[in-house]
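Q: Got a structure for you, written out below as structure tokens; questions coming shortly.
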Amino acid sequence: MNTTVKAEERVRTVYLIATEESGDRLGSALMRELRSRLGATVRFAGIGGQSMAGEGLVSLFPIEELSIIGFAAVLQRLPMILKLIRRAADDVLAAKPDILVIIDSPDFTHRVARRVRRRDPAIPIVDYVSPTVWAWRPGRARAMLGYVDHVLALLPFEPAEYRRLQGPRCSYVGHPLTEQFGSLRPNDEAEQARRAASPPVLLVLPGSRRSEVRHHAAAFGETLAQLRRDGVAFEAVLPTTPHLEALVRAAVASWEVQPRIVVGEQDKRAAFRIAHAALAKSGTVTLELAIAGVPMVTAYRAGSLEVWIARRVVRPGTVILANLVIGEEVVPEFIQEDCVTAKLAPAVRDLLGDTPARRRQLAGFAKIDGILSTGAQTPSARAADIVLDVMRHKGGDHHSASPAD
């Protein structure tokens, strides 16, 4: 009896690591695309959240164990983090996957990848979501040559940065937010009328992590209060996630202006659809808002240690994703000592009317579709094509049961 298994029919193992909600969503979409191509001949292992669990992944440990941010918070939990890095690397090696896909969270995932590469150089490694080498620690790009075979970039200017910095091969696959939020932009008179409704809806987005909510809650709450004292009419809506709901409700309990809190992704998108403007913590949400066509004021406040370090390593210039993609500083940003009511309130007020500042942002946002476009193929489909290509060519079926593969 011939026991040889053809390469295309052999079950392949794809090991994925995503430790944040955004990465979890990317991972789940990638899993769907890979399964659509490989069917029953692919199995998944790794670390992920609810979205990846919905695609059949049994996570090595709950990703909530790593839901921290900031240098101080990391230092406090360093022994636990190092233990999880070792545990993850050991699990990858035991699984003997055909490819390892690390998704964002470079402080964790790259340490795992380096351990795996040292102990089994034959396992191909793809990094889905580039670290911000263009903003700080550019030397990371060249260092990645030692343990990353291909970078899947979400931003169109990143491949050129990797070439400039002599890093690993990098391909722009597209930003998944274009699939999720592009349909929210007002594209007809009815939608425009909803955005112009009275009173206008002001989104309040203090962050997606516990430490971010704590750092921004007071300034955002006082900004709403100042707007109300100035006679500005608006309805405040605060979208949050189930795991942050209790913290958010406690944080806003003392606010003079009480926002309407909505929980979950579906309600968040509904709020984006009717929003007139937003006050947001700097981060991925700024690109979400820009794609959805919601003018915004952005702010960022962190602990003193984080700021001291960041000011010594971050390259000067805008840190707002929307500005970086558009190539213009159309979105105002108020960082650290500038994240105060006296500056935030006038900037928000300027977006609640038909003003030059509001029109300038909307004109900038209108360019995003063209800049981020990937044609007919979705970002997750492009990502899956490259993962398969790296797995087949770099991996060379090195874990096959038969030399005939």
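Going letter by letter, the sequence shown gives residues 1 to 405 in the UniProt record's numbering.
Note that CB positions come from ideal geometry on N, CA and C, so glycine has one too.
I need the straight-line Cα distance from H399 to R301, nearest angstrom please.
A: Within the sequence shown, the letter at position 399 stands for residue 399. Within the sequence shown, the letter at position 301 stands for residue 301. In this predicted model, H399 has a pLDDT of only 43, less than 50, meaning its place in the structure is not dependable; the value taken from the coordinates is given anyway. One C-alpha to the other measures close to 48 Å.
Q: Is it the case that the stretch 162-176 contacts the stretch 248-265, given that we only count it when at least three CB pairs across the two stretches are under 8 Å?
A: No, the stretch 248-265 is not in contact with the stretch 162-176.
Q: Who pairs with R260 in a beta bridge, going by DSSP?
A: Counting from one through the sequence shown, the residue named residue 260 turns up at place 260. For R260, which the question treats as bridged, DSSP gives the partners V237.
Q: Are the beta-carbon atoms belonging to I125 and I85 less than 9 Å from one another?
A: On the sequence shown, residue 125 is found 125 positions in, with the first residue counted as 1. On the sequence shown, residue 85 is found 85 positions in, with the first residue counted as 1. No, the Cβ-Cβ distance between I125 and I85 is not below 9 Å.
Q: Per DSSP, what kind of secondary structure is D369 in: helix, strand or coil?
A: On the sequence shown, position 369 is the one that residue 369 refers to. Three-state result, D369: helix.
Q: With respect to the alpha helix (DSSP H) encompassing E65, which residues constitute its N-terminal and C-terminal limits?
A: In the sequence shown, the residue the question calls residue 65 occupies position 65. Counting along the chain, E65 falls outside any alpha helix (DSSP H), and DSSP gives it neither H nor E.
Q: Are at least three pairs of beta-carbons, each pair with one atom in the stretch 358-375 and one in the stretch 236-248, less than 8 Å apart?
A: The stretch 358-375 vs the stretch 236-248: no contact.
Q: CA-CA distance, G364 and L324?
A: If you number the sequence shown from 1, residue 364 lands on position 364. If you number the sequence shown from 1, residue 324 lands on position 324. C-alpha separation (whole angstroms): 11 Å.
Q: Pull up the distance between the alpha-carbon of I386 and that of A135, whole angstroms please.
A: For the purposes of this step, residue 386 is identified with residue 386 of the sequence shown, where counting begins at 1. For the purposes of this step, residue 135 is identified with residue 135 of the sequence shown, where counting begins at 1. Each residue's alpha carbon lies about 25 Å from the other.
Q: Could you compute how far the alpha carbon of M80 sits from the alpha carbon of V112?
A: In the sequence shown, counting from the first residue as 1, residue 80 sits at position 80. In the sequence shown, counting from the first residue as 1, residue 112 sits at position 112. Distance between the alpha carbons of M80 and V112 is about 14 Å.
Q: Looking at C-alpha atoms only, which residue of L203, A143 and A366 is the closest neighbour of T165?
A: On the sequence shown, residue 165 is found 165 positions in, with the first residue counted as 1. Note on residue identity: the sequence assigns Leu, not Thr, to residue 165. Looking at the Cα atoms, A143 is the closest of the given residues.
Q: Return the first residue and the last residue of the beta strand (DSSP E) that M296 is part of.
A: Here residue 296 refers to the residue found at position 296 when the sequence shown is read from its first residue. Here the beta strand (DSSP E) through M296 covers M296 to Y300.
Q: Indicate whether A270 and V262 have their beta-carbon atoms separated by less than 9 Å.
A: The residue given as residue 270 occupies position 270 in the sequence shown. The residue given as residue 262 occupies position 262 in the sequence shown. Yes, the pair counts as a contact, with Cβ atoms nearer than the cut-off.
Q: Return helix, strand or coil for G46, following the three-state DSSP convention.
A: Taking the first residue of the sequence shown as 1, we reach residue 46 at position 46. In the structure shown, G46 sits in a strand (DSSP, three-state: E or B).
Q: If you count every other CB in all the chains shown that lies within 10 Å of the CB of V11, and 16 or more means buried, which is it?
A: Within the sequence shown, numbered from 1, the residue matching residue 11 stands at position 11. Exposed is the call here.
Q: Taking H393 as the reference, which of A122, A299, G54 and Q377 has the closest Cα?
A: Numbered from 1 along the sequence shown, position 393 holds the residue referred to as residue 393. Checked all of A122, A299, G54 and Q377; the closest Cα to H393 is A122.
Q: Where does V151 sit, in a helix, a strand or coil, going by DSSP?
A: One-based indexing of the sequence shown puts residue 151 at position 151. DSSP places V151 in strand when its eight states are reduced to three.
Q: Here's the rule: buried if 16 or more other CB atoms are within 10 angstroms of the residue's CB, otherwise exposed. What is F220?
A: Against the sequence shown, residue 220 aligns to sequence position 220. The residue is buried, with at least 16 neighbouring Cβ atoms inside 10 Å.
Q: Please work out which residues of its chain come closer than 6 Å, Cβ to Cβ, to E33, disregarding the five sequence neighbours upstream and downstream, and give them in chain order.
A: Locating residue 33 in the sequence shown gives position 33, where the first residue counts as 1. Counting only Cβ-Cβ distances below 6 Å, and skipping sequence neighbours, we find S380, A381 and A384.
Q: Whole angstroms are fine: how far does the CA of F334 sit from the CA of A299?
A: As a position in the sequence shown, residue 299 is number 299, starting the count at 1. As a position in the sequence shown, residue 334 is number 334, starting the count at 1. Their Cα atoms are separated by approximately 5 Å.
Q: What is the DSSP secondary structure of L279, counted as helix, strand or coil?
A: Mapped onto the sequence shown, residue 279 falls at position 279. Three-state DSSP puts L279 in a strand.
Q: Name the one or two DSSP bridge partners that A18 has.
A: One-based indexing of the sequence shown puts residue 18 at position 18. According to DSSP, A18 bridges with I103.
Q: Let's test the definition: count the other Cβ atoms within 10 Å of the Cβ of F272 and tell me whether it reaches 16, buried, or not, exposed.
A: Here residue 272 corresponds to residue number 272 of the sequence shown, with the count starting at 1. That one is buried.
Q: Which of the three DSSP states, helix, strand or coil, is assigned to E55?
A: If you number the sequence shown from 1, residue 55 lands on position 55. DSSP places E55 in coil when its eight states are reduced to three.
Q: Less than 9 Å between the beta carbons of residue 414 and A18, yes or no?
A: Here the chain has residues from 1 to 405 only, and residue 414 is not among them.
Q: Alpha carbon to alpha carbon, what distance is there between L205 and C339?
A: Within the sequence shown, numbered from 1, the residue matching residue 339 stands at position 339. Within the sequence shown, numbered from 1, the residue matching residue 205 stands at position 205. Rounded to the nearest angstrom, the two C-alpha atoms are 14 Å apart.
Q: Could you check whether the Cβ of I102 sits closer than 9 Å to any Cβ belonging to chain D?
A: Of the chains in the structure shown, none is chain D; there is only one protein chain.
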